[in-house]
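Note that the sequence shown covers residues 0 to 251 in numbering that gives the first Met the number 0.
Heads up: the structure comes next, in structure tokens.
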Amino acid sequence: MNEARVGLVIEDDQDIRELVRAVLTQAGFDVSVAASGTEGVLAARSLNPDVITLDLGLPDIDGFEVSRQIREFSDAYIVMLTARAEELDTLIGLESGADDYLTKPFRPRELRARIAAMMRRPRSGPDVVEEASAGEQPAAAGTGHYNHNGLDLTYASRSVSVDGQELNLTRTEFELLYALLEAGRTVRTKSDLVRRLRDEDYDVGSYISEADERSVEVHMGNLRKKLGDSPQQPRWLQTVRGVGYRLAPAER
Ligand code: CA
0 MNEARVGLVI EDDQDIRELV RAVLTQAGFD VSVAASGTEG VLAARSLNPD
50 VITLDLGLPD IDGFEVSRQI REFSDAYIVM LTARAEELDT LIGLESGADD
100 YLTKPFRPRE LRARIAAMMR RPRSGPDVVE EASAGEQPAA AGTGHYNHNG
150 LDLTYASRSV SVDGQELNLT RTEFELLYAL LEAGRTVRTK SDLVRRLRDE
200 DYDVGSYISE ADERSVEVHM GNLRKKLGDS PQQPRWLQTV RGVGYRLAPA
250 ER
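Below is the structure:
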């Protein structure tokens with residue numbers, strides 16, 4: 000854990016690049032930068048970063064494609080940086096595997112907070128699990144292990160399998176799935192889930208936009224695809240229309 004965390008900034012605008020580099024450096028990252036998409040994908044492959052900030056509008060290949068390519072080999076936490084006019088495109092960005100987005104101009108502390116929230120969740124380690132020991136979970140509460148309708152999740156190793164087959168989830172997808180398993184049949188609203196991803200104390204009275212809620216829908220859609228779950232007859236992810244999500248009932 001003493002190994003420095005690695006950050007990668009993919010951004011063609013030099014001012015923003017240096018700003019983001021400064022924010023990440025302050026947060027304790029070893030930072031590398033790339034000024035184009037192609038360069039960014041190469042750097043991601045060789046550096047294996049923990050965090051990547053990704054500009055949507057790059058001179059060679061766009062941020063969507065960059066994200067898609069990086070996702071083929073990396074589970075880095077990817078934050079997309081988009082111009083306001085591109086906010087809707089953001090959702091496509093999340094479909095391409097990014098975890099979160101920030102609209103330019105953004106406040107440095109906002110970026111710092113998002114990254115800190117994600118980094119507080121270890122890739123492995125049981126300490127966060129303690130808060131989950133409430134009781135009436137589908138299986139083995141407090142151990143960070145859940146088993147529900149053939150889906151198996153172990154927090155400490157951050158592993159998920161369905162009918163014995165290992166799945167490869169992003170951190171965000173894992174966190175959402177974990178939140179639903181933890182809540183059991185209790186509905187989690189979309190804003191609940193946004194706050195969960197950002198850590199509740201990230202910003203007191205934090206404003207959750209419609210786009211933030213839509214982003215949860217996109218992540219859920221991605222998660223559903225990976226699980227092979229059906230929205231109509233869910234084994235795991237049940238949509239509660241207009242409200243949020245909860246765990247589907249146990250199969251008999
Ligand atoms: Ca740009």
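Where a beta carbon is used, it is the ideal one built from N, C-alpha and C, also for glycine.
DSSP-derived helix/strand/coil call for residue i
i: A249; result: coil
i: F63; result: helix
i: I207; result: coil
i: R44; result: helix
i: Y31; result: Here residue 31 turns out to be Ser, not Tyr, going by the sequence shown. Looking at S31 - three-state DSSP - the assignment turns out to be strand.
i: V19; result: helix
i: Q232; result: coil
i: V5; result: strand
i: V217; result: helix
i: V127; result: At V127 the pLDDT is 37, less than 50, meaning the model places this residue with poor confidence; the figure from the coordinates comes in the next sentence. Looking at V127 - three-state DSSP - the assignment turns out to be helix.
i: G243; result: strand
i: I114; result: helix
i: Y201; result: Caution applies to Y201, whose pLDDT of 45 falls short of 50 and renders its modelled position unreliable; the value that the coordinates give is listed next. Residue state, collapsed to three classes: helix.
i: E11; result: For the record, residue 11 in the displayed sequence is Asp; it is not Glu. Reduced to three states, the DSSP call for D11 is coil.
i: T238; result: strand
i: M0; result: Residue confidence for M0 is low, a pLDDT of 49 falling below 50, so the modelled location carries little weight and cannot support an answer.
Terminal residues of the alpha helix (DSSP H) in which residue i lies
i: A82; result: No alpha helix (DSSP H) contains A82, which is instead part of the beta strand (DSSP E) from 76-82.
i: R106; result: Careful: R106 lies outside any alpha helix (DSSP H) and carries neither H nor E.
i: L90; result: 88-94
Limits of the beta strand (DSSP E) - the one that residue i falls within
i: L53; result: 50-54
Contact test: residue i Cβ vs ligand 1 heavy atom, cutoff 7 Å
i: D11; result: yes
i: L57; result: yes
i: D61; result: no
i: D54; result: yes
Exercise. Taking only runs of the beta strand (DSSP E) that begin and end inside the region 130-194, which ones reach a length of at least 3 residues, in chain order?
Worked result: Counting only runs of 3 or more, we get 144-147, 150-153, 158-161, 164-166.
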